[in-house]
Amino acid sequence: MLNRVILIGRLTKDPELRYTPAGVAVTQFTLAVDRPFTNSQSKEREADFINIVTWRQLAETCANYLRKGRLTAVEGRIQVRNYDNNEGKRVYVTEVIADNVRFLESSNSGGSREEGAGSSNANASYGGGSGGNRGGGSREQQDPFIDDGKPIDISDDDLPF
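In terms of this note's numbering, the sequence shown has 61 at position 61, counting the first letter as 1, and numbering is strictly consecutive.
Dropping the structure here:
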């Protein structure tokens, strides 16, 4: 059996960092992921809004460096949970439990927020338990396309999937 999901989208608001009673960090945020087609009536592109949950060190890293509007890749698993609300009605929640989050834009391209460890690398990747930056390269070596502002032409043959 397999339960893996990879999403690329933009944050709809800043992540919310909380701690469990046992002191474990948990962050929640929502990704807006464009659908690959347009609406037949309005000819506009629609998006899905997907809830993402991160835990422990990954949660703290996401809370520190992700902001509303940032382009982000998330890898994880889908989880469905349920609870009874105040009215006694069962509520089902579907969310992605992320174990790897990749920041696809540098923090200086979208705002004036001060940069922290690893955030200047546009390909910085933070995975749960992976030990931090796996983006390849030093702090000084940055993405050559950063702040270019032009679309990147990628054919289907360039993609690994």
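Even glycine gets a Cβ: it sits at the ideal position worked out from N, Cα and C.
By DSSP, does ASN64 sit in helix, in strand, or in coil?
Residue mapping note: residue 64 aligns to position 64 of the sequence shown, counting from 1. ASN64: helix per DSSP, three-state reduction.
Count the other CB atoms within 10 Å of the CB of PRO15; is the residue buried (16 or more) or exposed (fewer)?
Position 15 of the sequence shown holds residue 15. Counting Cβ neighbours within 10 Å, PRO15 comes out buried, since at least 16 surround it.
Suppose you measure from the CA of LEU11 to the CA of MET1; what does that come to, to the nearest Å?
In the sequence shown, the residue the question calls residue 11 occupies position 11. In the sequence shown, the residue the question calls residue 1 occupies position 1. Whole-angstrom Cα-Cα distance: 30 Å.
So what does DSSP say about GLY131, is it helix, strand or coil?
Position 131 of the sequence shown, counted from the start, is the residue given in the question as residue 131. Model confidence at GLY131 stands at a pLDDT of 40, short of 50, so the residue's coordinates are unreliable and nothing is read from them.
Along the chain, where does the beta strand (DSSP E) containing ARG70 start, and where does it finish?
Start at 1 with the first residue of the sequence shown, and residue 70 comes out as number 70. Here ARG70 belongs to no beta strand (DSSP E), and DSSP marks it neither H nor E.
Assuming VAL33 is part of the beta strand (DSSP E), what are its boundary residues?
Taking the first residue of the sequence shown as position 1, residue 33 is located at position 33. Its beta strand (DSSP E) spans residues 25-38.
GLN79 - partner residues in DSSP beta bridges:
Taking the first residue of the sequence shown as position 1, residue 79 is located at position 79. DSSP, once it has assigned bridges, lists GLU95 as partnering GLN79.
May I have the straight-line CA-CA distance separating CYS62 from TYR92, to the nearest angstrom?
As a first step, residue 62 must be located in the sequence shown, where it is residue number 62. As a first step, residue 92 must be located in the sequence shown, where it is residue number 92. Their Cα atoms are separated by approximately 25 Å.
Nearest-angstrom beta carbon gap, ILE8 and PHE29 [assumed within contact, 8 Å]:
Position 29 of the sequence shown holds residue 29. Position 8 of the sequence shown holds residue 8. Not quite, the Cβ-Cβ distance comes to about 14 Å (not below 8 Å), so this is no contact.
Using alpha carbons as the reference points, say which of LYS68, TRP55, LEU71 and ARG77 lies closest to VAL24.
In the sequence shown, residue 24 corresponds to position 24, counting from 1. For VAL24, the nearest C-alpha among the options comes from TRP55.
Secondary structure of ALA122, DSSP reduced to three states:
Numbered from its first residue, the sequence shown carries residue 122 at position 122. Note that ALA122 has pLDDT 39, beneath the 50 cutoff, so the model's placement of it is unreliable and the number below is only indicative. Of the three classes helix, strand and coil, the one that applies to ALA122 here is coil, per DSSP.
Measuring only the C-alpha atoms, how far is ASP156 from PHE49?
For the purposes of this step, residue 156 is taken as the residue at position 156 of the sequence shown. For the purposes of this step, residue 49 is taken as the residue at position 49 of the sequence shown. Cα-Cα distance, rounded: 25 Å.
Could you check the C-alpha separation between LEU71 and GLU87 for me, to the nearest Å?
Position 71 of the sequence shown, counting from 1, holds the residue named residue 71. Position 87 of the sequence shown, counting from 1, holds the residue named residue 87. Answer to the nearest angstrom: the Cα atoms are 38 Å apart.
Does the beta-carbon of ALA59 have 16 or more other beta-carbons within 10 angstroms, so that it is buried, or is it exposed?
Your numbering for residue 59 matches position 59 in the sequence shown. Buried, since its Cβ has 16 or more Cβ neighbours within 10 Å.
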